[in-house]
Structures are given as C-alpha cells and as structure tokens.
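Numbering (UniProt numbering), first residue to last: 1 to 308.
Even for Gly, the Cβ is constructed at its ideal location relative to N, Cα and C.
Since this is a predicted model, take the numbers as computed values, not measurements.
Accompanying notes for the structure given below.
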Amino acid sequence: MNDINPSDLSLLPILEALIEERHVSRAALRLNRSQPAVSHALARLRDLFDDPLLVRGEGGLQPTARALQLAEPLAQALALVRTMIEQPAFDPLQCSRHFRLSLSDYGAAILLPRLVAQLRKSAPLIDLTVVSYGRERALAALVDGEIDLALGVYPALAQVRYKALASALLFEESFACLYDEAALPGPLSLERYLAAPHVRVTVALEDDSEIDEALARLGHKRRIAVQLPHWSAAPETVRGTDLVLTAARRSIQHLGTGGLRCGDLPFDLASFPFVQTWHRRREMDPAHRWLRDHIAGIVSATNAESLP
1 MNDINPSDLS
11 LLPILEALIE
21 ERHVSRAALR
31 LNRSQPAVSH
41 ALARLRDLFD
51 DPLLVRGEGG
61 LQPTARALQL
71 AEPLAQALAL
81 VRTMIEQPAF
91 DPLQCSRHFR
101 LSLSDYGAAI
111 LLPRLVAQLR
121 KSAPLIDLTV
131 VSYGRERALA
141 ALVDGEIDLA
151 LGVYPALAQV
161 RYKALASALL
171 FEESFACLYD
181 EAALPGPLSL
191 ERYLAAPHVR
201 VTVALEDDSE
211 IDEALARLGH
221 KRRIAVQLPH
231 WSAAPETVRG
241 TDLVLTAARR
251 SIQHLGTGGL
261 RCGDLPFDLA
271 SFPFVQTWHR
281 RREMDPAHRW
291 LRDHIAGIVS
301 ATNAESLP
C-alpha cells in the first residue's frame, strides 16, 4: 500500500459507494459527483491500495478479494466518523445536563422564575446552578469553562482578550432613580441629585459604574453612602431615608408606589445592552443552543407583555 496523504481520506466514501453500487455512474449519482471525478478517484484508490479493487465482470464491476476484505472495516470506520459529525436530534425532554449560569440579583429577578418554570415542563432533567459573579469574573469564568452562560451587562466584551466569547442582545435597558418622596419631594434636579447620599449596588468592588463614569465626564461626583452586593435589598434602604438608588429601570419601576418615587435621571445617560454571552466552543452544542434560544424567547415574551 502506498503512502496516504490527508486529502486521500476523502476518497474513502467513494470507495464505499463503488463497492456497494458496483457501477461508476450509480456511485457518482449517489455521491452527487461527476462520473469522470469518480473514475479519477477510483484510479487513485487503485494506486493507494496497489489493487484493482473493482474489475469488469458479468453484470458490471465486481469487487476484488482485497475490496471485499476492506468493505466491513471501511463501513465501520465511516459510520463512526458520521456519528461524530452528525448531531442526533435534540430532545429537551430526554436531555440530562447541568448548566452553570452567572446572573446578578437583577437578572435573576426578571428571568429566573420563568426560566425555571419552563424548564420544569420542557426539560425536567436539566439542572441549573446559578452564581452571581462580578462582570470581569463572569467573563473570565466563561473563558476558563467554569460556567456555561453569563447574563448581564458586560462592556468588556469588546476587548480583544474576550474574542473567544460570543454574545446575543436580550434587551436594551435604561437607568432610573428611586427615592422616598417624604425626604426628597418632587422630581430631582441635578443639583439635588448630587447633594443627596446614594446607594450603589455592585457585586464586585472593581466593577465600573456607568453612572459614576457619566457623572465624571460632566465634572461631577456623587457620594456613595451605602454600597450593597444585592439588588433585592437596595430598594428598601431608601424608604424612610434621604438616600437615592440609581438602578436599571426594570428592577425598580414597579416600586414607585407607597411613598417611593421612580423618576428619570437629571442628566443624560445612554441605554445599555443586557446580553447573554458564552464561549464559542459551546456554539454548536445542541443543548446549550436550545437553552440560549429558550432564554431569548422568555425575554421576547416578557417584552411583548410589557408593551401598552
């Protein structure tokens, strides 16, 4: 047998078709190739195996003893390769997987209840572990394979060091501020906003705040009187105090009752993308892709319900 080049491996499915069809034209039709191309491949195969492989006989081409010897191991090898390449049909009801997600309190509040409820119906064998990592740690954990999916606000995704991560926009969010009207009656001017003490929510101390960056560009700085790692605890810290909480609008707009007011910011601040992001090595994983699509569907349905 002569030396095989990597490109010669593509000839093996042609040999399989020729042995089974025993006819160059039928093999070409089966492979969606031209007859001259299959004839040329057969010539190369004969050279590689140092055997005619197929010879003319009664009723067409007949496999030689060498070809018959090759038939079974060839079929097994190609079947194994096809099994590796061809993904089986994905059935969420039969999928037994454990996914690790990073979500902030805010993300968990708006997504997790519906996601868990739907998974219990559509994919009851899928298990979730939810962690709450800071922005930088979440992206690093995706790169390292520590988690499967991160959902949140990740400005650093544009950096070259995270080029291995893919992402998809779930929705655009804006900021609003929540405060107690008894202590701070009426809408807040920029002067009153800056004079008030503030609550800041951040999971990691090193995470940048879009609010403070925007104020710095305007030449201002607010006083952070209370810093918390949990969104869920923050709204109640402003009740009965002169504190102001600036947060994602979806997380606080429903709280603007009972003495609390949810108002617009007294300065311009661009909206920001809330995304789901994952490592590109998970791109074609059927279960991972199904979970991402499911999350996107939940967000789309939630957005539709919130429209007037």
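In this model, G134 and A287 are separated by some 26 Å (Cα to Cα). When A247, A225, G219 are compared, the shortest CA-CA separation from W231 is found for A247. If you look at H23, you'll find it isn't in any beta strand (DSSP E); DSSP assigns it neither H nor E. About 21 Å separates the Cβ atoms of R56 and L11, ruling out a contact at the 8 Å cut-off. Counting along the chain, the unbroken alpha helix (DSSP H) around L190 starts and ends at 190-195.
Per DSSP, the continuous alpha helix (DSSP H) segment holding L115 begins and ends at 105-122. The Cβ atoms of S209 and P266 do not sit closer than 7 Å to each other. When rounded, the separation of the alpha-carbon atoms in M284 and L74 is 28 Å.
Beta-carbon to beta-carbon, L142 and I252 are separated by about 28 Å, too far to satisfy the 8 Å threshold. Its Cα nearest to that of R250, the residue D105 stands out among A28, D105, S39. Under the rule that a run must span 3 or more residues, no beta strand (DSSP E) segment is found entirely inside the region 66-90. Distance between T257 and G186, taken at the CA atoms: about 14 Å. Secondary structure at H98: strand, using DSSP grouped into helix, strand and coil.
Burial is judged here by how many other beta carbons sit within 10 angstroms of a residue's own beta carbon; F90 has fewer than 16 and is exposed. For the pair L93 and L119, the Cα-to-Cα distance works out to about 9 Å. Nearest Cα to A71 within the set L53, L61, E58, M84: L53. Rounded to the nearest angstrom, the Cβ distance from I19 to A67 is 6 Å, consistent with a contact under 8 Å. For H279, the enclosing beta strand (DSSP E) covers residues 272-279. The alpha-carbon of T302 is positioned some 20 Å away from that of S102. Shown here for L139: same chain residues with a beta carbon closer than 8 Å to its own, the five before and five after excluded, namely A150, Y154, A156, L157, Y162, L165, T277 in chain order. DSSP places T237 outside any beta strand (DSSP E); the residue lies instead in the alpha helix (DSSP H), whose first and last residues are 234-238. Residue pairing from DSSP places H198 in a beta bridge opposite I224, V244. Relative to the Cα of R33, the nearest Cα in the group R46, L245, D47, A17 belongs to A17.
Judged by DSSP in its simplified three-state form, F171 adopts strand.
Per the C-alpha coordinates, the member of C95, D144, V244, T129 positioned closest to K121 is C95.
When only Cα atoms are considered, V299 and L170 end up about 7 Å apart. Judged by DSSP in its simplified three-state form, P266 adopts coil rather than helix or strand. Per the C-alpha coordinates, the member of V130, L269, V201, D268 positioned closest to L243 is V201. Taken through DSSP and simplified to helix, strand or coil, Q35 comes out as helix. Nearest to A37 by C-alpha distance, out of I14, G240, F49, V81, is I14.
Looking at the DSSP output, Q62 bridges to V55.
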